[in-house]
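**Q** For the sequence shown, the working numbering assigns the number 498 to the initial residue and increments by one for each residue that follows. The beta carbon of each residue, even a glycine, is placed where N, CA and C say it ideally should be. I'd like to ask some things about the structure below.
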Amino acid sequence: MADVREPYSIVLNSFSFDLSTFDAAIVDLDGTMVDTIGDFVVALNLMLDDLSLSHVTAKDVESMVGKGSEHLIRSTLCHVRGSDADEALCDAAWRHYTRHYLAINGQHSAVYPGVVEGLEAMRAKGIRLACLTNKPNDFAKPLLAAKGLDGYFEFVFGGDAFERKKPDPLPLLKTCEALGTSPARTLMVGDSSNDAQAARAAGCPVVLVTYGYNHGEPIKYVDADAFVDSLAELRSACPEERP
498 MADVREPYSI VLNSFSFDLS TFDAAIVDLD GTMVDTIGDF VVALNLMLDD
548 LSLSHVTAKD VESMVGKGSE HLIRSTLCHV RGSDADEALC DAAWRHYTRH
598 YLAINGQHSA VYPGVVEGLE AMRAKGIRLA CLTNKPNDFA KPLLAAKGLD
648 GYFEFVFGGD AFERKKPDPL PLLKTCEALG TSPARTLMVG DSSNDAQAAR
698 AAGCPVVLVT YGYNHGEPIK YVDADAFVDS LAELRSACPE ERP
C-alpha cells in the first residue's frame, strides 16, 4: 500500500474545480480507481516461478508500475536478476505473465474509497467519462467489469489502444477526439507524473490523487493543478446546476 501523504485541498495553484467548466473527464485506472498492487505481485511471482527466479514484494512493484505491462515485466526481470533481460526472456515472461494475470485479474485488488462517489458526482452533473490506462485492454476492461466500474465510462482505452502510451499526449488527444471534446474542457484525473505530463502536453487540466503509486516518488512534487485525497472530494466541485 502507498504511504500516507500530506493532506491537500481540492483547490491548489489557483485552479478552481468547478466541474461545470468541463465537458468530460479522463480517469486513470491503476492507483487512481483501483489498488491493483496485489494483482501485480501475484501474477509477477507466478511468472517468476515459471522462470525459476526469485520473487518481488509489493514495495518493489509499487516503484515499477505505471508505464505499461511490458515495462513492468522488464523492470521486474532486471530487478530480480540484477541485469537487463534479453528479448527472448522478456517474450517468455510476457507469455507467462499474461496467462497468470488473466486468471487472477481483480482477485487481489480493491476499489479505493471515494471512487464511486466521485464518478457518480461527475456523471450526475453531465460530465462524460472515459477511462485511459497504460494497462492492456484485455486486462483493463475485465477489471473494470469485475469491480462494477465499467458502466460509468463511455470509452475504455488501454495501453495498446494507440501507438504510444502516457506520458505521451497522444492517448489523451485521441480520447478527447473519441469524446468529441476539446482538451481544455477535458479534465485528466490520475495518480502519477505520467498522467500529469501527458495532460500538460495535451492541454488538459489535471488533478492527481495523493494515495496512488507515482513510481514510488512523492506526488506533491508533480506539476498538477490540484490534488485530492479522495475522488469523493470532487462532489464539492459540482455546482447544483450546470449552466
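Can you tell me whether DSSP reads D527 as helix, strand or coil?
**A** Start at 1 with the first residue of the sequence shown, and residue 527 comes out as number 30. Note: D527 maps to strand in three-state DSSP.
**Q** So for M685, helix, strand or coil by DSSP?
**A** Walking along the sequence shown from the start, residue 685 turns up at place 188. Looking at M685 - three-state DSSP - the assignment turns out to be strand.
**Q** Count the C-beta pairs between the stretch 543-552 and the stretch 560-567 that are closer than 8 Å, then say yes if the count reaches three, no if not.
**A** The stretch 543-552, when compared against the stretch 560-567, does not touch it at the 8 Å Cβ threshold.
**Q** Do the stretch 521-537 and the stretch 614-628 make contact, defined as three or more Cβ pairs closer than 8 Å?
**A** Output reads yes: the stretch 614-628 touches the stretch 521-537.
**Q** Are S536 and Y594 touching if we call contact CB-CB under 8 Å?
**A** The sequence position of residue 536 within the sequence shown is 39, counting from 1. The sequence position of residue 594 within the sequence shown is 97, counting from 1. A quick correction: the sequence has Asp, not Ser, at residue 536. No, these two residues do not count as a Cβ contact at 8 Å.
**Q** Applying the 10 Å Cβ sphere with the 16-neighbour rule, what's the burial state of C673?
**A** Locating residue 673 in the sequence shown gives position 176, counting from the first residue. So C673 counts as buried.
**Q** What does A522 pair with, by DSSP beta-bridge criteria?
**A** Translated into positions along the sequence shown, residue 522 becomes position 25. DSSP output for A522 lists L626 and L684 as bridge partner(s).
**Q** Please report the residue range of the beta strand (DSSP E) in which A723 lies.
**A** Mapped onto the sequence shown, residue 723 falls at position 226. That run of the beta strand (DSSP E) goes A723 to V725.
**Q** Roughly how far, in whole angstroms, is the beta-carbon of L684 from the beta-carbon of P668, given that I think they are within contact range, below 8 Å?
**A** Reading the sequence shown from its first residue, position 187 is the one you call residue 684. Reading the sequence shown from its first residue, position 171 is the one you call residue 668. Not quite, the Cβ-Cβ distance comes to about 15 Å (not below 8 Å), so this is no contact.
**Q** Just curious, the alpha helix (DSSP H) that F636 is in, first and last residue?
**A** As a first step, residue 636 is located in the sequence shown; it is residue number 139 there, counting from the start. Per DSSP, F636 belongs to the alpha helix (DSSP H) from N634 to A643.
**Q** In angstroms with no decimal places, state the Cα-to-Cα distance between A585 and R592.
**A** In the sequence shown, the residue the question calls residue 585 occupies position 88. In the sequence shown, the residue the question calls residue 592 occupies position 95. If I take the Cα positions, the gap works out to 11 Å.
**Q** Can you check which of these residues, A621, D726, K671 and G700, is closest to V706 by C-alpha distance?
**A** Residue mapping note: residue 706 aligns to position 209 of the sequence shown, counting from 1. Taking only the C-alpha atoms, the option nearest V706 is D726.
**Q** Exposed or buried, what is Q694 when buried is set at 16 or more other beta-carbons lying within 10 Å of its beta-carbon?
**A** Indexing the sequence shown from 1 puts residue 694 at position 197. Buried, by the Cβ-count rule.
**Q** Which residues in the same chain have their Cβ closer than 7 Å to the Cβ of A543, if we skip the five residues on either side of it in sequence?
**A** For the purposes of this step, residue 543 is taken as residue 46 along the sequence shown, with counting starting at 1. In the sequence on display, residue 543 carries Leu and not Ala. Cβ neighbours of L543 beyond the five flanking positions: H597.
**Q** Among residues of its own chain, excluding the 5 on either side of G603, which ones have a beta-carbon nearer than 6 Å to its beta-carbon?
**A** Numbered from 1 along the sequence shown, position 106 holds the residue referred to as residue 603. Once the five neighbours on either side are set aside, the close Cβ partners of G603 are L640 and A643.
**Q** For K556, count the other beta carbons within 10 Å of its own beta carbon; 16 or more makes it buried, fewer makes it exposed. Which is it?
**A** Locating residue 556 in the sequence shown gives position 59, where the first residue counts as 1. Under this definition K556 is an exposed residue.
**Q** Rounded to whole angstroms, what's the CA-CA distance from L509 to A698? Just pull it up for me.
**A** Walking along the sequence shown from the start, residue 509 turns up at place 12. Walking along the sequence shown from the start, residue 698 turns up at place 201. Any reading at L509 needs caution, since the residue's pLDDT is 44, under 50, leaving its predicted position unreliable; the model's value is listed next. Answer to the nearest angstrom: the Cα atoms are 20 Å apart.
**Q** State yes or no: is the C-beta of V553 within less than 8 Å of the C-beta of T533?
**A** Start at 1 with the first residue of the sequence shown, and residue 553 comes out as number 56. Start at 1 with the first residue of the sequence shown, and residue 533 comes out as number 36. Result no, Cβ atoms of V553 and T533 do not sit closer than 8 Å.
**Q** Expressed to the nearest angstrom, what Euclidean distance is found between the alpha-carbon atoms of V501 and P715?
**A** Here residue 501 is taken as the residue at index 4 of the sequence shown, counted from 1. Here residue 715 is taken as the residue at index 218 of the sequence shown, counted from 1. Unreliable placement is indicated for V501, whose pLDDT of 32 sits below 50; the coordinate value is still reported in the next sentence. Approximately 10 Å, taken between the alpha carbons.
**Q** So the candidates are F724, P610, S733 and Y708; which of them puts its Cα closest to the Cα of E559?
**A** Numbered from 1 along the sequence shown, position 62 holds the residue referred to as residue 559. It is Y708.
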